[in-house]
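Asker: Positions in the sequence shown are counted from 1; adding 41 to them yields the working numbering.
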Amino acid sequence: MEAVRNAKISALDGNSTRLVDIAIKDGIVAEILPSGTVPASDDALDAKGMLLLPGALDPHVHFDTPGYTDREDFSCGSMEAASGGVTCVIDMPDTSVPPVTNRKNFQAKLKVISEMSVIDFALWGGISGNSIRQANWKKDVQSLIDLGVVGFKTYLLSGMREFENLYPLELVEAIKCVKDLGSIVGLHAEDREFVQKKMAMLQTAGRFDPKAYYECRMDPSELNGVIQGVSIASETRCPLHIVHLGSAKGLKEIVKARSSGVDLTCETCAHYLAFSFEDLISMGSVLKTAPVVKTYEDSAALWNAVCDGTIDFVASDHAPCRDVEKNTGSIWTDYAGTPGTGLMFPYIFSEGYLKGRFDLSRLIQLTSSSAAKRFGLYPKKGAIAAGSDADFMIVDETKKWTVKGSSFFSKGHLTPFEGREFTGKVVTTICRGSVVYDHRSGFKVSPGYGKFVDRKH
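As structure tokens, then:
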């Protein structure tokens, strides 16, 4: 493709827009021109005056490759992402075997997934309980930085044998190391001791219902995890990112820490904005996630923070599974996670932007530019500007549609959003100047088109 014609783009000033033609060369935006400058041709896609936005960046996905591809793989996951306007994902290090905690494991993963993705991708590195107890772990962290990971995922609470949580003193050491080497830490913030003690009590009492899961992971679990993480970040001056925030109380601690100068960002997900533990009780494990969804008061506080800029951007925490793993007969053994990358943008567009909660400029920050800036991918990703990758989505702002899990390209089809009606449909997804997905005719590129994008530290 050499151009997109008749595209309505944001003027990056509230809801102001302008009609333009975008010239593309070698997959990169060459020039933004007044509409009508580029003549019609087979090499110029006509956007027909529809809204054209930067391709969404999903900074938190679990595509499970290699290792757990019965749940998801990079082909299906990237296709699901593209169907929702995502042109770049950042894959987590912990749900692949081996986990991305050293150079060898990184290279093994990259070799496999490079032949699978239909969109571009970056990678998180990880520091696990397993890896930090190795003598050369700091050298492994440096090697991953050299290879271009965006940062380092850590857990205060983990149920994964291959990627164990860090104990408090280990987290201190991990954060100090990352600070010294000039990168960023992503923290899954839950209080391991609180959760495990509460879970043992509930299981002893014979509780295996969805509300029991909420009770063992409700605040102060996430609150305590956030407090612990921001305290260490404050002491070390290490950049910290709190992933999948679902707690209003945790949000207050983030605001407090920022006011004292801590370099701190956070993300939230559609399920924390849309649902509460009451929905978990009625839906069951379809809505089981970690952290758990909380109260409607939490959701309201998170929405306010999304709108006013306190929450930096949205993510999906895409973590699907086989249907049978959501129906084991006990909330304790049912899988925690939900498919979400294909709904991340549509949800926030429909329920946020179109309902007037925030303007078009804020929409772009939430879904692309802010995450790209935080993780060192901007302006290659997250912008419509000369020199940026030609990553776009074209959106029909008025089209109404209903979520059907059976239509997902993901291997996971159980979604808490089943039957929800959204307004605003991604009709075309473009990555590096090539149409990846068209909502009528499907996918236009083969797995392997997507390329690895490294962070420039």
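Don't be surprised by glycine CBs; every beta carbon is placed ideally from N, CA and C. No experiment lies behind these values; they were computed from the predicted model shown.
Enumerate in chain order the residues of its own chain whose CB-to-CB distance from E438 is below 8 Å, with the five nearest sequence positions on each side excluded.
Answerer: For the purposes of this step, residue 438 is taken as the residue at position 397 of the sequence shown. Contacts found: M91, L92, L395, T464 and G465.
Asker: Per DSSP, what are the beta-bridge partners of A360 in this structure?
Answerer: Within the sequence shown, the letter at position 319 stands for residue 360. Per DSSP, none; premise fails for A360.
Asker: First and last residue of the beta strand (DSSP E) that includes F463?
Answerer: In the sequence shown, residue 463 corresponds to position 422, counting from 1. Run containing F463: E462 to C472, per the beta strand (DSSP E) assignment.
Asker: I'd like the list of long-range same chain contacts for W165, defined as Cβ closer than 8 Å, with 5 residues on each side in sequence excluded.
Answerer: Translated into the one-based positions of the sequence shown, residue 165 becomes position 124. These residues qualify, in order along the chain: I131, D132, M133, P134, V141, V190, V191, G192, F193, K194 and G227.
Asker: When you compare only the Cα positions, how much space is there between I173 and M385?
Answerer: Start at 1 with the first residue of the sequence shown, and residue 173 comes out as number 132. Start at 1 with the first residue of the sequence shown, and residue 385 comes out as number 344. Rounded to the nearest angstrom, the two C-alpha atoms are 33 Å apart.
Asker: For P107, list the residues DSSP reports as bridge partners.
Answerer: Against the sequence shown, residue 107 aligns to sequence position 66. The partner list for P107 (beta bridge, DSSP) is empty, contrary to what the question assumes.
Asker: Have a look at A315, G270, H312 and R278 and flag the residue whose alpha-carbon is nearest the alpha-carbon of E294.
Answerer: Start at 1 with the first residue of the sequence shown, and residue 294 comes out as number 253. For E294, the nearest C-alpha among the options comes from G270.
Asker: What are the start and end residues of the alpha helix (DSSP H) that includes Y196?
Answerer: On the sequence shown, position 155 is the one that residue 196 refers to. First-last for Y196: F193 to Y196, but that is the beta strand (DSSP E), not the alpha helix (DSSP H).
Asker: Classify N56 as helix, strand or coil using the three-state DSSP reduction.
Answerer: As a working note, residue 56 is residue 15 in the sequence shown. Coil, per DSSP.
Asker: What residue does the alpha helix (DSSP H) around L188 start on, and which one ends it?
Answerer: Stepping through the sequence shown from its first residue, residue 188 is reached at position 147. Run containing L188: W178 to L188, per the alpha helix (DSSP H) assignment.
Asker: Pull up the distance between the alpha-carbon of V334 and that of D105, whole angstroms please.
Answerer: Here residue 334 is taken as the residue at index 293 of the sequence shown, counted from 1. Here residue 105 is taken as the residue at index 64 of the sequence shown, counted from 1. The straight-line gap from Cα to Cα measures roughly 23 Å.
Asker: Are the CB atoms of I63 and A48 within a distance shorter than 8 Å?
Answerer: As a first step, residue 48 is located in the sequence shown; it is residue number 7 there, counting from the start. As a first step, residue 63 is located in the sequence shown; it is residue number 22 there, counting from the start. Yes.
Asker: Pick out whichever of F354, Y337 and W373 has its Cα sitting closest to the Cα of T330.
Answerer: For the purposes of this step, residue 330 is taken as residue 289 along the sequence shown, with counting starting at 1. That would be W373, whose Cα lies nearest to the Cα of T330.
Asker: Considering just the uninterrupted stretch of the alpha helix (DSSP H) at H312, what are its terminal residues?
Answerer: For the purposes of this step, residue 312 is taken as residue 271 along the sequence shown, with counting starting at 1. Segment A311 to A315, the alpha helix (DSSP H) holding H312.
Asker: Please return the same chain residues whose Cβ sits closer than 6 Å to the Cβ of T277, not counting the five positions on each side in sequence.
Answerer: Counting from 1 along the sequence shown, the entry for residue 277 is found at position 236. Once the five neighbours on either side are set aside, the close Cβ partners of T277 are I216, K217 and K220.
Asker: Starting from the Cα of A44, find the closest Cα among D54, V61 and K422 and give me that residue.
Answerer: Within the sequence shown, numbered from 1, the residue matching residue 44 stands at position 3. Of D54, V61 and K422, the residue nearest in Cα terms is V61.
Asker: Which runs of the beta strand (DSSP E) spanning at least 3 residues fall entirely within the stretch 392-462, listed in chain order?
Answerer: With a minimum length of 3 residues, the continuous beta strand (DSSP E) runs that stay inside the stretch 392-462 are 433-443.
Asker: Can you give me the C-alpha to C-alpha distance between R202 and T78, rounded to a whole angstrom?
Answerer: For the purposes of this step, residue 202 is taken as residue 161 along the sequence shown, with counting starting at 1. For the purposes of this step, residue 78 is taken as residue 37 along the sequence shown, with counting starting at 1. So the two alpha carbons sit approximately 58 Å from each other.
Asker: Could you check whether I405 and L94 sit closer than 8 Å to each other, using their CB atoms as the reference points?
Answerer: The residue labelled residue 94 in the question sits at position 53 within the sequence shown. The residue labelled residue 405 in the question sits at position 364 within the sequence shown. Yes, the pair counts as a contact, with Cβ atoms nearer than the cut-off.
Asker: Using the rule of at least 16 other Cβ atoms within 10 Å of the residue's Cβ for burial, across every protein chain shown, is E462 buried or exposed?
Answerer: Your numbering for residue 462 matches position 421 in the sequence shown. So E462 counts as exposed.
Asker: From the DSSP output, in three-state form, read off A351 for me.
Answerer: The residue labelled residue 351 in the question sits at position 310 within the sequence shown. Note on residue identity: the sequence assigns Thr, not Ala, to residue 351. Coil.
Asker: Tell me the rounded alpha-carbon separation between L455 and D87.
Answerer: Reading the sequence shown from its first residue, position 414 is the one you call residue 455. Reading the sequence shown from its first residue, position 46 is the one you call residue 87. Cα-Cα distance, rounded: 35 Å.
Asker: Helix or strand or just coil, what does DSSP make of P251?
Answerer: Sequence index remark: in the sequence shown, residue 251 carries index 210 (1-based). Of the three classes helix, strand and coil, the one that applies to P251 here is helix, per DSSP.
Asker: For the beta strand (DSSP E) holding R46, just list the boundary residues, first then last.
Answerer: For this step, residue 46 is matched to residue 5 along the sequence shown. Start and end: A44 to S51.
Asker: To which residues of the same chain is I50 closer than 7 Å at the C-beta, ignoring the five residues directly before and after it?
Answerer: Here residue 50 refers to the residue found at position 9 of the sequence shown. So the qualifying residues of the chain are T58, R59, V61, L93 and I425.
Asker: Are the stretch 357-370 and the stretch 409-427 touching by the rule of at least three beta carbon pairs closer than 8 Å?
Answerer: Not touching, per the Cβ criterion.
Asker: Looking only at C-alpha atoms, which of F318, R496 and G167 sits nearest to P251?
Answerer: As a first step, residue 251 is located in the sequence shown; it is residue number 210 there, counting from the start. The candidate whose alpha carbon is nearest that of P251 is F318.
Asker: Kindly confirm or deny that the stretch 347-363 and the stretch 297-312 touch, where touching means at least three C-beta pairs closer than 8 Å.
Answerer: The stretch 347-363 vs the stretch 297-312: in contact.
Asker: Less than 8 Å separating the beta-carbons of V159 and V468?
Answerer: Stepping through the sequence shown from its first residue, residue 159 is reached at position 118. Stepping through the sequence shown from its first residue, residue 468 is reached at position 427. No, the Cβ-Cβ distance between V159 and V468 is not below 8 Å.
Asker: From the DSSP secondary-structure annotation, give me the bridge partner or partners of T78.
Answerer: Along the sequence shown, one-based indexing puts residue 78 at 37. T78 is not bridged to any residue.
Asker: Whose C-alpha, out of W442, T245 and S410, is nearest the C-alpha of A97?
Answerer: As a first step, residue 97 must be located in the sequence shown, where it is residue number 56. Closest option to A97, Cα to Cα, is S410.
Asker: Measuring alpha carbon to alpha carbon, tell me which residue in K297, K66, I154 and G126 is nearest Y388.
Answerer: Translated into positions along the sequence shown, residue 388 becomes position 347. The residue with the shortest Cα to Cα distance from Y388 is G126.
Asker: Give me the DSSP bridge partner(s) of I283.
Answerer: Here the question's residue 283 lines up with position 242 in the sequence shown. BP columns for I283 point to L228 and C307.
Asker: Nearest CA to the CA of E72: which residue from I268, A427 and C117?
Answerer: Translated into positions along the sequence shown, residue 72 becomes position 31. The option with the nearest alpha carbon to E72 is A427.
Asker: Could you tell me how far apart the beta carbons of G291 and A230 are, in whole angstroms, since I believe they sit closer than 8 Å?
Answerer: On the sequence shown, position 250 is the one that residue 291 refers to. On the sequence shown, position 189 is the one that residue 230 refers to. Yes, G291 and A230 are in contact; Cβ-Cβ is about 7 Å, under 8 Å.
Asker: Per DSSP, what kind of secondary structure is K492 in: helix, strand or coil?
Answerer: One-based indexing of the sequence shown puts residue 492 at position 451. Three-state result, K492: coil.
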